[in-house]
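Student:
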Amino acid sequence: MWLQNTAAPVALTPVKQPPVLDPVSTATATMHIWWNSAIRALPSIVAALIFLFLAYWAARGVAVLVRRLAMRRDRHDLGTIIGSIVFGALMIFAVMIAAVIVFPSVKPGDILSALGVGSVAAGFAFKDILQNLFAGVLLLINRPFRRGDQIVVKDYEGTVEHIQSRATLIKTYDGRRVIIPNADIYTSPVTVNNAFAIRRTQLDLGIGYNDDLGNAARFIVEAIRKVEGVIDDPAPEAIPIEFRDGDVLVRARWWTDSTQSKVVHIRAKVVEAILQAFRTGGIDLPFPTQIVLLHDQTGKNEGDRAEQRLRGFDQAADGKDDAETRPPK
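Under the numbering used here, the first residue of the sequence shown carries the number 88, and numbering increases by one thereafter.
#1: Where are the beta strand (DSSP E) runs, 3 residues long or more, that stay fully inside the segment 291 to 354, in chain order?
#2: Please list, in chain order, all residues of the same chain as residue 253 whose beta carbon is under 8 Å from its beta carbon, the five residues on each side excluded.
#3: Cβ of residue 166 versus every heavy atom of the ligand NAD: is any distance shorter than 7 Å?
#4: Would you report the Cα separation of residue 239 and residue 330, rounded to the nearest angstrom?
#5: The alpha helix (DSSP H) that contains residue 260, what's its start and end?
#6: CB-CB under 8 Å to residue 300, same chain, minus the five flanking residues each way: which ones, in chain order?
#7: Note down, in chain order, each residue of its chain lying with its Cβ closer than 7 Å to the Cβ of residue 368, except the 5 sequence neighbours on either side.
#8: How many Å lie between residue 227 and residue 365 at the Cα?
#9: Applying the 10 Å Cβ sphere with the 16-neighbour rule, what's the burial state of residue 192?
#10: With DSSP run on the structure shown, which of helix, strand or coil describes residue 279?
#11: Nearest by alpha-carbon distance to residue 347: which of 266, 258, 308 is it?
#12: Could you tell me which residues DSSP pairs with residue 74 in its beta bridges?
#13: From which residue to which residue does the alpha helix (DSSP H) around residue 180 run?
#14: What does a CB cutoff of less than 8 Å around residue 413 pick up in its chain, not counting 5 residues either side in sequence?
#15: For residue 356 versus residue 308, is the C-beta distance shorter than 8 Å?
#16: Confirm, please, whether the CB-CB distance from residue 316 to residue 353 is below 8 Å.
#17: Can you list, in chain order, the residues of its chain whose CB lies under 7 Å from that of residue 324, leaving out five sequence neighbours each side?
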């Protein structure tokens, strides 16, 4: 059986082409829409600006309060950094609230989500800056050294001027300023020269083998005690350390105030006092001495070192005598 399609034919309606818009009219209409939106949002914008103005002065007041509290506890640099961080955090929070006031459809959760994604990107972009910032905060909280301390960091030595959010400023003893990133200081060994009230200084001296070592040590201690600025307790001392070529190493040690200028000037006075005591007591400070042994190159006395030394000295003496008796040309 054949099936016959009895459906009525569908009439096709022609598609109308969209009207061609005038660019000038379109731009004008869009500008009108924006203008109307701005006029409607003008009260909200004014309210947001007033809120930001008030929030700015409030945040500034909180930052000043934080700095003053830190100054009362003798933590000027920590108060400066914490105050700046508090001011920045409050202003960011104020901007978020202002955005909600101007755009009511914006939710605080959306802003926080955007800030979370942005903070990750910013963390990678400003890794070194944030690392120095956190290191500076930890240095100021733990206080391994303070402003005015004399420290040694790597190849730099001087007095701490400021501990900023990014770097620590050191004034060297010759009047130069060194800026060291906080992360380098936090991860490097730091020597604080004036961490304690007194500091020990030492000086190595060479005493000849023909001199009385006990008398030399006594002269050293007595000379150091007479120097102004040397502390009596702990007492100065002179300790024989080792035998060297041509002399015996004696190490003189004494204690002074830990300030670098006093350490340097007292050391100079100690050197002068010891030298004068040695001259008065007849103690020799020998010069470096070398002994040259002439080796027998003929091989006749190979292995007999005593014979080689004897022949070497004899040949040297004979050569000297020949040179003295040889008539001049």
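Here a beta-carbon is modelled for each residue, glycine too, at the ideal position from N, C-alpha and C. On a predicted model such as this, the values are computed, not experimentally measured, just so you know.
Tutor: Taking the coordinates as given:
#1: 324 to 331, 334 to 344
#2: Looking up residue 253 in the sequence shown gives position 166. So the list reads 216, 219, 220, 223, 268, 269, once near-sequence residues are dropped.
#3: Judged by which ligands are present, the structure shown has none, so any question about the ligand NAD falls away.
#4: In the sequence shown, the residue the question calls residue 239 occupies position 152. In the sequence shown, the residue the question calls residue 330 occupies position 243. Spanning the two alpha carbons is a distance of roughly 32 Å.
#5: Residue 260 sits at position 173 when you count from the first residue of the sequence shown. Per DSSP, residue 260 belongs to no alpha helix (DSSP H) and is neither H nor E.
#6: On the sequence shown, position 213 is the one that residue 300 refers to. So the list reads 294, 327, 335, 337, once near-sequence residues are dropped.
#7: One-based indexing of the sequence shown puts residue 368 at position 281. Here the set comprises 302, 306.
#8: Residue 227 sits at position 140 when you count from the first residue of the sequence shown. Residue 365 sits at position 278 when you count from the first residue of the sequence shown. About 49 Å.
#9: Counting from 1 along the sequence shown, the entry for residue 192 is found at position 105. Exposed.
#10: As a first step, residue 279 is located in the sequence shown; it is residue number 192 there, counting from the start. If DSSP states are grouped into helix, strand and coil, residue 279 belongs with the strands.
#11: What you label residue 347 is simply residue 260 of the sequence shown in a count that begins at 1. Checking every option, the nearest Cα to that of residue 347 belongs to 258.
#12: Since the first and last residues shown for the chain are 88 and 416, residue 74 lies out of range.
#13: Along the sequence shown, one-based indexing puts residue 180 at 93. Residue 180 -> alpha helix (DSSP H) spans 163 to 189.
#14: Residue mapping note: residue 413 aligns to position 326 of the sequence shown, counting from 1. Residue placement at residue 413 is poorly supported in this model, since its pLDDT is 49, which falls under 50; the coordinates still yield a value, given next. So the list is empty, once near-sequence residues are dropped.
#15: Walking along the sequence shown from the start, residue 356 turns up at place 269. Walking along the sequence shown from the start, residue 308 turns up at place 221. Not in contact: residue 356 and residue 308 (Cβ atoms no closer than 8 Å).
#16: As a position in the sequence shown, residue 353 is number 266, starting the count at 1. As a position in the sequence shown, residue 316 is number 229, starting the count at 1. In this structure, residue 316 lies closer than 8 Å to residue 353 by Cβ.
#17: Position 237 of the sequence shown, counting from 1, holds the residue named residue 324. So the list reads 308, 340, once near-sequence residues are dropped.
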